[in-house]
Structure formats: C-alpha cells, structure tokens
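Numbering (this note's numbering), first residue to last: 1 to 417. Accompanying notes for the structure given below.
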Amino acid sequence: FAIVLGCADSRCPVELMFDGRPGDIFVLRNAGNTLVSEKGSTLGSAEYAVGPLDSKLIVVSGHTKCGAVTATVQTVLAGGDTASVGGSIGKVLDDIVDAAKQAIEELPDASLEEQVKRATKINVFNSVKRIIEYSDSIKEAVIAGKVQVHGSVYDINTGKVEFMGEHPELEKIVGKELPAYKFRNSEYTSRASATASPGRSALARASLQRLTVGNERFVKGESQKADETSEPHSIVIGMACQRVPIEKVFDAAPGELLVQRVSGGIAGKEGSTLFSSVEYSISRYNPKTLVVLADSDSKIVRAAIDQVSGDVIPSAPQRGVLDRVMVSAMRAKMQVDSSSKKMTSAGRDLKIQQVTTELNAFYTIEQLLKSDIVRKAVVEDGLELHAAVLDEQTGKVKMLGEHPALAGLIGTELKSE
Numbered sequence: 001f002a003i004v005l006g007c008a009d010s011r012c013p014v015e016l017m018f019d020g021r022p023g024d025i026f027v028l029r030n031a032g033n034t035l036v037s038e039k040g041s042t043l044g045s046a047e048y049a050v051g052p053l054d055s056k057l058i059v060v061s062g063h064t065k066c067g068a069v070t071a072t073v074q075t076v077l078a079g080g081d082t083a084s085v086g087g088s089i090g091k092v093l094d095d096i097v098d099a100a101k102q103a104i105e106e107l108p109d110a111s112l113e114e115q116v117k118r119a120t121k122i123n124v125f126n127s128v129k130r131i132i133e134y135s136d137s138i139k140e141a142v143i144a145g146k147v148q149v150h151g152s153v154y155d156i157n158t159g160k161v162e163f164m165g166e167h168p169e170l171e172k173i174v175g176k177e178l179p180a181y182k183f184r185n186s187e188y189t190s191r192a193s194a195t196a197s198p199g200r201s202a203l204a205r206a207s208l209q210r211l212t213v214g215n216e217r218f219v220k221g222e223s224q225k226a227d228e229t230s231e232p233h234s235i236v237i238g239m240a241c242q243r244v245p246i247e248k249v250f251d252a253a254p255g256e257l258l259v260q261r262v263s264g265g266i267a268g269k270e271g272s273t274l275f276s277s278v279e280y281s282i283s284r285y286n287p288k289t290l291v292v293l294a295d296s297d298s299k300i301v302r303a304a305i306d307q308v309s310g311d312v313i314p315s316a317p318q319r320g321v322l323d324r325v326m327v328s329a330m331r332a333k334m335q336v337d338s339s340s341k342k343m344t345s346a347g348r349d350l351k352i353q354q355v356t357t358e359l360n361a362f363y364t365i366e367q368l369l370k371s372d373i374v375r376k377a378v379v380e381d382g383l384e385l386h387a388a389v390l391d392e393q394t395g396k397v398k399m400l401g402e403h404p405a406l407a408g409l410i411g412t413e414l415k416s417e
C-alpha cells in the first residue's frame, strides 16, 4: 500500500518500524535516503510501485543521527567540499550538501546536533521534491490526486516517526494550483452550520429544506404522517451502526430517501457493490442532493483514532474499514496535538473525535467524486454532495455543506442559481 524510501543505516527494518506485514510496504533504501539521478533503479522502482502495483503513497523516511547527513554537515563546517571525499561516497554526500548548507545558514550558532537534525528534515523534503520533479508519471499522479509523497523522520532512540506531510511548496514544484492539497494541509475549522451554503440550485435547496425541517420534527417528537412517494429526492449515506433509522431521523415518508448504510460511512472501493449502488441510484433517479451523514459518537471513528495512537492491529476485515477512516483520524490527531490551545485530556479527545468525524464525511465525498458517474452528475446534472453530522445525544443533524475544496476536486467552479 505504500512505498518507503529510507536510509540504509537507519538501524531498524522499515516493516518493523511501521509494524507492517510482509508485502505491505515496497521498501527502497540507500545511504541518506537520497535520489541522486533522474535515471536509475531507485526512481524506476518507485515508478513501478506507483504504476503496476498501484501504490498511492510514497514516504521518504530520514532518521536522527544519520551518518551521511552528519558527515556532510561536518564537511561543510570545515570549509571543505564533497569532491575531497573519494569514490562514490562523495557522490552520496554531494546530494546532501544543499540541505547541510541551508541548515547551517538557518542555525549558524547552533550545535552540530541541532544542525544535523535540521539538515535531516531539509534533506527529506529535497528527496520528496526530486521524486516528483524527476518522474513525469509520479508528477502526473500527484497532480491528479492519485498519489501523495510525504516526508518523515524516524527517531532511532525512541522509535517514534515524525510525519511531516507533503512538501510545503508542492504547487510550485508541479507548476499548478492544487486546491485539494491546500485543504489537506491547512488547519480544518469546524463549521457551525451550512446556512451560508444552503444549496446552489432551487431543487437542491428544496431537498435540503425538506431534510432540515424533517429533522426538526424528529427532534421535537412531532413526526407527521406522510404518503408514500414514488420518486426519492435525496440519497443519504450513513453509518451502519447508527441507532435510529435514517428515514426516521429526517421524518421522511416511505420512498422519499435512498438510504445506504455502511461501516465507517465510506461507500466501499470504486467498482464494489456499495459504490456501484450509489452510482445506480444517481443514474436511475437523478437526485439533486446526496448527504453523507456522519455519527457524532461513532465507535468506528474511535477505533480509527486508537489505531493512529498505536493500538493493536485489528483483523483484516476491520482494517478494510479502519484504514479509510484513519486518513481523517491521523490528520485530526496531528492538528489537535500541534495546537497551542490549552485543553484537558478529555477535551483533547473530544476535539479529535469531532474533527475526525467531520473530515471523514468530507473524505467520503472525495472518494465518491472519483467515480465518473458521480462527477458527471455533479458537473452536468446539478447533483450536490453535502456532509452532515448526527448528534447521538439530541438527534439533531448539523449540515456542513459541500466539500470546501469542491472546485479543485472536480476541476471547475460551479455557479449558484
């Protein structure tokens, strides 16, 4: 599922570092986790894994106290150059010189240890940059959103891996604006409501209004008896473990909604039965709204958060669900952990749960938009994909609106009627 370019002397097998099973990780290793040439086995192997093996993630993994980085920093500090180092070793160090010089320039009065630490991180991102610049196929996959290239540093004393994310200048590297990349790499702010974005078309607004008013009746316990309808106006994708029927949450009449419930709220892999069910519903009924309804207190979301916090690896079927939810759990945990805002331990856990829940709903929308049928319906037929969260305590549904990076995901700006 991932390609890892690591250092040859990192003192720990990559599979062990990430607690992976045999075959989980496509491992590439060399001194200094570098990419010296536009041609060669390292880049060719990465392209093979992205192409025929369909890997979606490339991680460049440096490590603390790296001998190659330390030697390069010491050489630069001594006023020498890598040409003075004989044989092929000099060529390896030559690839790290820029990182060493930048670290020394940024931290001129720091200790050698601090300069090496900084140079290690710079060197990781330099390798990330070269992988994208040197490979046309990987660059195209990055632009299309099919592949991500991340940096990380492994602490050889503690075993902890610091994930540094994508290159901060990715748009400059690929020469294109990447709205989805900006969304992934900026702080997510929870929306109070979607009243500022109630729907772009009259039909979508009408459908959302029916859902909102129906939910208000449900919360107040004032359900109304409604006649069966032959044409559903909305699709709702909800959690399999939600304790109340979704039709009841929106006080909907029989046949008013097309409901699909799945674990984690993710509509399966593209081409699967669950995914195809959504595509069929869109093609058959031409609805104007699709709502991804998340659960405020989902056990699956909690399990995904536990996984990114180091919990015991689950069974293969469980991983099939949790792996997708962990995408949002990892981002939420990193955001909350890096926040300077003071929180209690309980408050921190609740915040991670909330952010993960909302991000997972938007991530589901991202996956749905990979379908040609769904994309066509959004761009040409007026379908709107909205995220929402059901509060398990009150029954109230909070509408979050469409994906913040929708224009970037579909490649065009959609106008409101």
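Positions of the beta carbon are idealized from the N, C-alpha and C atoms, including for glycine.
Residue from the options whose Cα sits closest to the Cα of residue i
i    : options                   : result
D98  : R130, G40, G221 and A240  : R130
L368 : L385, E166, V4 and D391   : L385
K146 : S340, S55 and K65         : S55
Q353 : K341, S201, S338 and S328 : S328
E380 : R348, K415, L359 and A361 : K415
A252 : A387, K225 and A240       : K225
Residue i (DSSP reduced to helix, strand or coil)
i    : result
K398 : strand
L107 : coil
S135 : coil
S371 : coil
T289 : strand
M239 : strand
Q353 : helix
Q260 : strand
L385 : strand
S10  : coil
A196 : Since pLDDT at A196 reaches only 48, below the 50 mark, its modelled position is unreliable, and the value read off the structure follows with that caveat. In the structure shown, A196 sits in coil (DSSP, three-state: anything other than H, G, I, E or B).
V149 : strand
E417 : coil
L16  : helix
P179 : helix
H403 : coil
L53  : coil
Y154 : strand
A226 : coil
S234 : strand
A78  : coil
Contact under 8 angstroms by Cβ, residue i with residue j
i    : j    : result
S127 : N33  : yes
V69  : I96  : yes
F1   : L57  : yes
S296 : D391 : yes
E247 : V259 : yes
K376 : V389 : no
T364 : V301 : no
S283 : I373 : yes
L257 : S234 : yes
G435 : L208 : No statement about residue 435 is possible, as the shown extent of the chain runs from 1 to 417 and does not include it.
A304 : L322 : yes
K288 : L211 : no
N418 : F163 : Coverage of the chain is limited to positions 1 through 417, which leaves residue 418 absent and any answer about it impossible.
K172 : A405 : no
V14  : G6   : yes
A141 : V50  : yes
A8   : I138 : no
V73  : A119 : yes
K117 : T189 : no
A346 : L400 : no
I308 : M326 : Residue identity check: residue 308 is Val in the sequence provided, not Ile. It is a contact, given that the beta carbons lie within the stated cut-off.
V76  : A100 : yes
Limits of the alpha helix (DSSP H) - the one that residue i falls within
i    : result
I410 : L406 to I410
V36  : From DSSP, V36 is part of no alpha helix (DSSP H); its letter is neither H nor E.
M164 : Segment V161 to E166 is the beta strand (DSSP E) holding M164; no alpha helix (DSSP H) there.
G62  : Segment L57 to H63 is the beta strand (DSSP E) holding G62; no alpha helix (DSSP H) there.
F250 : No alpha helix (DSSP H) holds F250; DSSP gives it neither H nor E.
S201 : First-last for S201: undefined, no H or E at that position.
R302 : K299 to V308
Delimiting residues of the beta strand (DSSP E) encompassing residue i
i    : result
N30  : I25 to N30
F1   : That residue, F1, is in no beta strand (DSSP E); it is neither H nor E in DSSP.
A330 : At residue 330 the sequence reads Met, which differs from the Ala that was named. Where M330 is concerned, there is no enclosing beta strand (DSSP E), although the alpha helix (DSSP H) it sits in stretches over A316 to D337.
Closer than 7 angstroms: residue i CB and nearest the ligand FMN heavy atom
i   : result
G80 : The model on display carries no ligand, and the ligand FMN is accordingly not part of it.
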